[in-house]
């Protein structure tokens, strides 16, 4: 039961990631691309956690946590760069 | 402030750090309690000079009720957005200026974040004088209705907490 | 896969599927909606809730199958829910600064300051 649900979910999240890549490539503006990257890293977190459940280990949770933190910092830095022209003033 | 003299400049930060460390250590054990206590005591000592002002909550129990309302609304919001996304009809987006009665900075931050997580709205900007909040609504008929809902549901409890 | 109580198995499976569904919907919104401001809605709400429920499913699964408390996931969920509105706000500000195109149906205007 869980195995089937797990694989279906993995497929759905992977499809979501592909759609994000489509938006990332198509744009049309820079904020759109950053938004796509932001969504992509959140989907990455979901994939890492699903991998954790699939392998029955909790080794990769720290990876997910770090992705959450670093992804957020990256999004904020890119958005700030667009608005101000520099990240650290 | 007795807590301050005992070496806890920010008692709530201490509690939060201790709890977060237990989560990081994946459950409570002897080692995590000792390490958590050390961190929870040392970090506020080192960082309390960096905090511009200590936020004060006048009624913490209102916060609990507020969080329950917000959590429920997050689920409703996702379902609303799902229906809008899967619906072939084009949405009717609008920018709405929301007049703020709240003026505490932390309160405004919490309100703006709540608006972003709840049905059909993302808060985009606060005016320079802090009187207006610019909201983008994905699908809205009546702007006045939206403003009234936000005021009744979210701003009222925040006003109780911060004023 | 460890052995779980059938009811728990159903709950974990449902949470997983709901998570995958919301994540997918967020991505569809990102592709389908007409302008940037509208696209901002999908990821901030649907994707965040989607990942949130995947994370809770994982937490339930590990807690119930090993019998040990597994709570680190709560931190990830809390962090995502705290940061999603902040990054949405930053992106909206950047978009307004760059005067990103709006769809014709949009009523009202972002202000200049």
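Chains as they are written, first to last, in my numbering: chain G, 1 to 89; chain R, 1001 to 1163; chain U, 2001 to 2113. Think of the CB as a built atom: it goes at the ideal place given N, C-alpha and C, for glycine as much as any other residue. These numbers come from a predicted model, not from an experiment.
According to DSSP, residues forming a beta bridge with residue i
i	result
residue 2079(U)	Note: residue 2079(U) sits in no beta bridge, so no partner.
residue 1136(R)	1095(R) and 1122(R)
Three-way DSSP call (helix, strand, coil) for residue i in this model
i	result
residue 1180(R)	The structure shown does not extend to residue 1180(R), since chain R spans only 1001 to 1163, so no value can be given for it.
residue 1027(R)	coil
residue 2060(U)	helix
residue 2085(U)	helix
residue 1(G)	coil
residue 2067(U)	coil
residue 1001(R)	Unreliable placement is indicated for residue 1001(R), whose pLDDT of 47 sits below 50; the coordinate value is still reported in the next sentence. In this structure, residue 1001(R) counts as coil in the three-state DSSP scheme.
residue 2004(U)	coil
residue 1157(R)	helix
residue 84(G)	helix
residue 2043(U)	helix
residue 2033(U)	coil
residue 1148(R)	helix
residue 1013(R)	helix
residue 10(G)	helix
residue 2101(U)	coil
residue 1127(R)	coil
Sub-9 Å separation of residue i and residue j beta-carbons
i	j	result
residue 1018(R)	residue 1040(R)	yes
residue 2032(U)	residue 1079(R)	no
residue 74(G)	residue 37(G)	yes
residue 2040(U)	residue 2088(U)	yes
residue 8(G)	residue 2004(U)	no
residue 1114(R)	residue 2043(U)	no
residue 1111(R)	residue 1158(R)	yes
residue 47(G)	residue 25(G)	no
residue 2083(U)	residue 2054(U)	no
residue 30(G)	residue 45(G)	no
residue 2070(U)	residue 2019(U)	no
residue 1138(R)	residue 1093(R)	yes
residue 2027(U)	residue 59(G)	no
residue 2052(U)	residue 2021(U)	no
residue 1161(R)	residue 1107(R)	yes
residue 1099(R)	residue 1059(R)	no
residue 2(G)	residue 76(G)	no
residue 2025(U)	residue 1081(R)	yes
residue 2046(U)	residue 2029(U)	yes
residue 1029(R)	residue 1021(R)	no
residue 6(G)	residue 66(G)	no
residue 1091(R)	residue 2034(U)	yes
Residue from the options whose Cα sits closest to the Cα of residue i
i	options	result
residue 1134(R)	1065(R), 1063(R) and 1097(R)	1097(R)
residue 2067(U)	1051(R), 1026(R) and 1061(R)	1026(R)
residue 16(G)	41(G), 30(G), 2(G) and 5(G)	41(G)
residue 1150(R)	1049(R), 1034(R), 1120(R) and 1105(R)	1120(R)
residue 1016(R)	2053(U), 2091(U), 2078(U) and 2026(U)	2078(U)
residue 69(G)	2080(U), 2062(U), 2050(U) and 2052(U)	2080(U)
residue 61(G)	2050(U), 2076(U), 2051(U) and 2047(U)	2076(U)
residue 1154(R)	1095(R), 1131(R) and 1117(R)	1117(R)
residue 1095(R)	2102(U), 2090(U), 2097(U) and 2098(U)	2102(U)
residue 1071(R)	2048(U), 2064(U) and 2098(U)	2048(U)
residue 78(G)	2092(U), 2007(U) and 2038(U)	2092(U)
residue 1140(R)	1122(R), 1129(R), 1099(R) and 1102(R)	1122(R)
residue 2063(U)	66(G), 82(G) and 57(G)	57(G)
residue 2097(U)	2037(U), 2007(U), 2012(U) and 2014(U)	2037(U)
residue 82(G)	10(G), 33(G), 21(G) and 22(G)	33(G)
residue 2012(U)	2073(U), 2074(U), 2059(U) and 2035(U)	2059(U)
residue 1012(R)	1044(R), 1136(R) and 1129(R)	1044(R)
residue 1046(R)	1142(R), 1010(R), 1156(R) and 1127(R)	1010(R)
residue 71(G)	43(G), 84(G) and 4(G)	43(G)
residue 2090(U)	1048(R), 1051(R), 1061(R) and 1126(R)	1126(R)
residue 1102(R)	1152(R), 1051(R) and 1038(R)	1152(R)
Every unbroken alpha helix (DSSP H) within the stretch 1033-1110 of chain R, with a cutoff of 4 residues, ordered by chain: 1060-1086
To test your reading of the DSSP string, which unbroken alpha helix (DSSP H) runs of 4 or more residues are found completely within the stretch 16-79 of chain G? 30-55
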